[in-house]
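Asker: If you read the sequence shown in the UniProt record's numbering, its first letter stands for residue 1, the second for the next number, and so on.
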Amino acid sequence: YIKYNQDELNIEDFNVIISGKTKIGNKCRIWTNILDRKDASFLVRYKLYEVCYDLIILVEDLKTHKKHVNNFYQGPVYPDECDCSKMSIDTWLSEAGCKTDIKQINSDLSHFKKIDFNNVLSKMVKFFSQHSHSMSTCQYVVKNNLIFRKCYGEYTGFKMFMDNLLLSLSRKVYLPDLEFFVNLGDWPLSSPKNRFPLFSWCGSNYTMDIVMPTYDITESSLENMGR
Numbered sequence: 001y002i003k004y005n006q007d008e009l010n011i012e013d014f015n016v017i018i019s020g021k022t023k024i025g026n027k028c029r030i031w032t033n034i035l036d037r038k039d040a041s042f043l044v045r046y047k048l049y050e051v052c053y054d055l056i057i058l059v060e061d062l063k064t065h066k067k068h069v070n071n072f073y074q075g076p077v078y079p080d081e082c083d084c085s086k087m088s089i090d091t092w093l094s095e096a097g098c099k100t101d102i103k104q105i106n107s108d109l110s111h112f113k114k115i116d117f118n119n120v121l122s123k124m125v126k127f128f129s130q131h132s133h134s135m136s137t138c139q140y141v142v143k144n145n146l147i148f149r150k151c152y153g154e155y156t157g158f159k160m161f162m163d164n165l166l167l168s169l170s171r172k173v174y175l176p177d178l179e180f181f182v183n184l185g186d187w188p189l190s191s192p193k194n195r196f197p198l199f200s201w202c203g204s205n206y207t208m209d210i211v212m213p214t215y216d217i218t219e220s221s222l223e224n225m226g227r
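#1: What's the C-alpha gap between asparagine 15 and phenylalanine 42?
#2: How should tyrosine 152 be labelled, buried or exposed, when 16 other C-beta atoms within 10 angstroms of its C-beta is the threshold for buried?
#3: Just the Cα atoms here: how many angstroms apart are lysine 21 and proline 76?
#4: Does the beta-carbon of tryptophan 31 have 16 or more other beta-carbons within 10 angstroms, so that it is buried, or is it exposed?
#5: Taking all protein chains shown into account, decide if methionine 160 is buried (16 or more other Cβ within 10 angstroms of its Cβ) or exposed.
#6: Quick one: Cα of cysteine 84 to Cα of glutamate 50, how far?
#7: What's the gap between the Cα of leucine 121 and the Cα of tyrosine 46?
#8: Between the Cα of asparagine 33 and the Cα atoms of Tyr78, Val44, Arg195 and Ile217, which residue gives the shortest distance?
#9: Using a Cβ-Cβ cut-off of 7 Å (strictly less than) and excluding sequence neighbours within five positions of phenylalanine 112, which residues of its own chain qualify?
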């Protein structure tokens with residue numbers, strides 16, 4: 001992220017050079033893109049296609065040839081698709097500076113302080129199997145950092161968003177063993193009557209779904225805002 005006076009520097013007035021070397025010394029394949037936010041600030045995106053070392057990020061003013069930014073990372077720096085170095089999820093969250101107290105999550109989870117998981121799982125499987133024409137859900141199991149799922153309903157194409165998220169995380173961290181249901185539709189499904197612990201991309205003041213960021217935001221994050 002860079003910010004300058006719009007009158008002094010436009011998007012065509014500077015260049016971003018990102019370079020690095022592979023393990024055997026070849027030039028890394030790196031995609032670079034600049035987004036003009038139209039408020040005197042710019043976003044620089046880059047995507048690695050292989051593991052890079054000695055990564056250099058350089059922002060150069062083409063008028064004055066002055067270097068505004070010059071960052072160096074010895075590496076290795078990993079591409080998202082690389083199933084490479086992993087750490088515990090707690091370490092990853094700590095190093096990423098992620099918040100541990102989020103109002104929305106705390107509010108949604110407060111409805112499920114105690115769950116008879118064996119009982120509620122069987123009820124959810126039965127309920128969603130009986131409503132396959134109007135509801136679409138997936139049951140996920142993470143075991144030994146492997147992802148398994150079984151879906152219910154006729155229209156389950158949106159499972160790819162949760163698939164991609166879990167697979168991306170599993171390449172970076174060791175996920176704990178867990179099991180959960182995801183709502184694939186655009187409307188909440190956990191009513192106060194059934195009280196299903198269901199993760200959804202939508203919610204309301206009258207339902208109990210555990211709300212996640214929308215699937216388009218999830219996909220945009222995974223694709224580095226490429227979609």
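Think of the CB as a built atom: it goes at the ideal place given N, C-alpha and C, for glycine as much as any other residue.
Answerer: Well, looking at it:
#1: Position 15 of the sequence shown, counted from the first residue, corresponds to residue 15. Position 42 of the sequence shown, counted from the first residue, corresponds to residue 42. If you take the alpha carbons of asparagine 15 and phenylalanine 42, they lie about 12 Å apart.
#2: Position 152 of the sequence shown, counted from the start, is the residue given in the question as residue 152. Buried, by the Cβ-count rule.
#3: As a working note, residue 21 is residue 21 in the sequence shown. As a working note, residue 76 is residue 76 in the sequence shown. Their backbone Cα atoms lie some 10 Å apart in a straight line.
#4: On the sequence shown, residue 31 is found 31 positions in, with the first residue counted as 1. It is exposed - the Cβ of tryptophan 31 has fewer than 16 other Cβ atoms within 10 Å.
#5: For this step, residue 160 is matched to residue 160 along the sequence shown. By the neighbour-count rule (16 or more Cβ atoms within 10 Å), methionine 160 is not buried but exposed.
#6: Taking the first residue of the sequence shown as position 1, residue 84 is located at position 84. Taking the first residue of the sequence shown as position 1, residue 50 is located at position 50. If I take the Cα positions, the gap works out to 11 Å.
#7: The count along the sequence shown starts at 1 and reaches residue 121 at position 121. The count along the sequence shown starts at 1 and reaches residue 46 at position 46. When the Cα atoms are used, leucine 121 and tyrosine 46 turn out to be separated by approximately 42 Å.
#8: Stepping through the sequence shown from its first residue, residue 33 is reached at position 33. Per the C-alpha coordinates, the member of Tyr78, Val44, Arg195 and Ile217 positioned closest to asparagine 33 is Val44.
#9: By 1-based counting over the sequence shown, the position of residue 112 is 112. Correct list, in chain order: Pro197.
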